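Q:
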Amino acid sequence: MQNRMMITGAGSGLGREIALRWAREGWRLALSDVNEQGLVETLRMVREAGGDGFTQRCDVRDYSQLIALAQACEEKLGGIDVVVNNAGVASGGFFDELSLEDWDWQISINLMGVVKGCKAFLPLLQASKGAIVNIASMAALMQAPGMSNYNVAKAGVVALSESLLVELKPEGISVHVVCPSFFQTNLMDSYRGPTPNMKTQISKLLEASPITAADIAQYIHEGMARGDFMILPHDEGRMAWKVKQQNPQAIYQEMFTLTEKKRAKARAL
Numbered sequence: 662m663q664n665r666m667m668i669t670g671a672g673s674g675l676g677r678e679i680a681l682r683w684a685r686e687g688w689r690l691a692l693s694d695v696n697e698q699g700l701v702e703t704l705r706m707v708r709e710a711g712g713d714g715f716t717q718r719c720d721v722r723d724y725s726q727l728i729a730l731a732q733a734c735e736e737k738l739g740g741i742d743v744v745v746n747n748a749g750v751a752s753g754g755f756f757d758e759l760s761l762e763d764w765d766w767q768i769s770i771n772l773m774g775v776v777k778g779c780k781a782f783l784p785l786l787q788a789s790k791g792a793i794v795n796i797a798s799m800a801a802l803m804q805a806p807g808m809s810n811y812n813v814a815k816a817g818v819v820a821l822s823e824s825l826l827v828e829l830k831p832e833g834i835s836v837h838v839v840c841p842s843f844f845q846t847n848l849m850d851s852y853r854g855p856t857p858n859m860k861t862q863i864s865k866l867l868e869a870s871p872i873t874a875a876d877i878a879q880y881i882h883e884g885m886a887r888g889d890f891m892i893l894p895h896d897e898g899r900m901a902w903k904v905k906q907q908n909p910q911a912i913y914q915e916m917f918t919l920t921e922k923k924r925a926k927a928r929a930l
């Protein structure tokens, strides 16, 4: 492995922290985002941390831009070893309130952006026998109320990753999917949904988390080193997933209660 990594959504948050974690080991990084100012700052921090690389603006909804990014990786880095499909956006709202446009926007970025990222970089990964890291969410596994379009998009990322895990193993490509719970991040900057107070509720959960994006990046590093397919960085998330596997009805009961609380809060505001 030649220590070359591409990260989407690298202009801030978890994408930036993943870049910095691998930069400390001297990796060369292809950093992409729609936030070009953020990319400049990430590259500066990467170089300070001991890594290097280049930046390129890329909207993951546009397959041609991802193909161009893959070509840039081949020209500037001679290929790629790890692809991190991290770019994502937040959304919320009960199903009856969400428009079809809300669904299209969410699916186009959080699910199809990952599909297109895997597709665009597959030839380079076949050449390097590299690795894919798809960033999903505990929402993919637990499906909390008031965020059905986000839940579906992230569940799709898990299903895609499971499919690629078995299909790409014979080619020597490893696949990992990361399902973090709430953590301190700027994800809410991208929030879109019909219910303003839902954004406030989610923001409070993010801010209250004791786990930072840097913690998540470190856990991903450790999970990949162990060869884990599903990487669950939060203790609570791992426990909840174990309960759901053994007794899904117990989790559904929790979600019924949570739905009532969320609807009550929505009515109160």
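Following the working numbering, the residues of the sequence shown are numbered contiguously, the last one being 930. All C-beta atoms in this analysis are idealised placements derived from N, C-alpha and C, irrespective of residue type, glycine included. No experiment lies behind these values; they were computed from the predicted model shown.
Enumerate in chain order the residues of its own chain whose CB-to-CB distance from Asp-713 is below 6 Å, with the five nearest sequence positions on each side excluded.
A: Position 52 of the sequence shown, counted from the start, is the residue given in the question as residue 713. So the qualifying residues of the chain are Arg-689.
Q: If you reduce the DSSP assignment to three classes, tell me which class Gly-833 lands in.
A: For the purposes of this step, residue 833 is taken as residue 172 along the sequence shown, with counting starting at 1. Correct three-state label for Gly-833: coil.
Q: Among residues of its own chain, excluding the 5 on either side of Gln-726, which ones have a beta-carbon nearer than 6 Å to its beta-carbon?
A: Here residue 726 refers to the residue found at position 65 of the sequence shown. Cβ neighbours of Gln-726 beyond the five flanking positions: Cys-719 and Asp-720.
Q: Could you check which residue in Ser-798, Leu-772, Pro-806 and Lys-777 has the C-alpha nearest to that of Leu-675?
A: Here the question's residue 675 lines up with position 14 in the sequence shown. Of the listed residues, the one whose Cα sits closest to Leu-675 is Ser-798.
Q: Return the chain-ordered list of same chain residues with a C-beta closer than 6 Å to the C-beta of Val-744, the five sequence neighbours on each side being excluded.
A: As a position in the sequence shown, residue 744 is number 83, starting the count at 1. Result list for Val-744: Met-667, Phe-782 and Ile-793, in chain order.
Q: Taking the alpha carbon of Ala-925 as the reference point, which residue from Gly-807, Glu-709 and Asn-664 has its own alpha carbon closest?
A: Locating residue 925 in the sequence shown gives position 264, where the first residue counts as 1. Looking at the Cα atoms, Gly-807 is the closest of the given residues.
Q: Going along the chain, which residues of its own chain have a beta-carbon closer than 8 Å to the beta-carbon of Val-701, five neighbours each way excluded?
A: Taking the first residue of the sequence shown as 1, we reach residue 701 at position 40. Excluding sequence neighbours, Val-701 sits near Thr-716.
Q: Residue range of the beta strand (DSSP E) that Gln-717 falls in?
A: By one-based count along the sequence shown, residue 717 stands at place 56. Taken as a continuous stretch (DSSP letters only), the beta strand (DSSP E) holding Gln-717 covers 713 to 718.
Q: Using CA atoms only, rank isn't needed, just tell me which of Val-695, Gln-767, Arg-887 and Ile-912 is closest to Glu-897.
A: Position 236 of the sequence shown, counted from the first residue, corresponds to residue 897. Nearest of Val-695, Gln-767, Arg-887 and Ile-912 to Glu-897, Cα basis: Ile-912.
Q: Under three-state DSSP, which class holds Ile-872?
A: As a working note, residue 872 is residue 211 in the sequence shown. Coil.
Q: Pairs of beta-carbons, one from the stretch 754 to 774 and one from the stretch 732 to 741, closer than 8 Å: are there three or more?
A: The stretch 754 to 774 is not in contact with the stretch 732 to 741.
Q: Taking C-beta to C-beta, are Asn-795 and Val-818 nearer than 8 Å?
A: Translated into the one-based positions of the sequence shown, residue 795 becomes position 134. Translated into the one-based positions of the sequence shown, residue 818 becomes position 157. Yes.
Q: Measuring CB to CB, does Asn-812 end up less than 8 Å from Ala-801?
A: Along the sequence shown, one-based indexing puts residue 812 at 151. Along the sequence shown, one-based indexing puts residue 801 at 140. Yes, Cβ-Cβ distance for Asn-812 and Ala-801 is below 8 Å.
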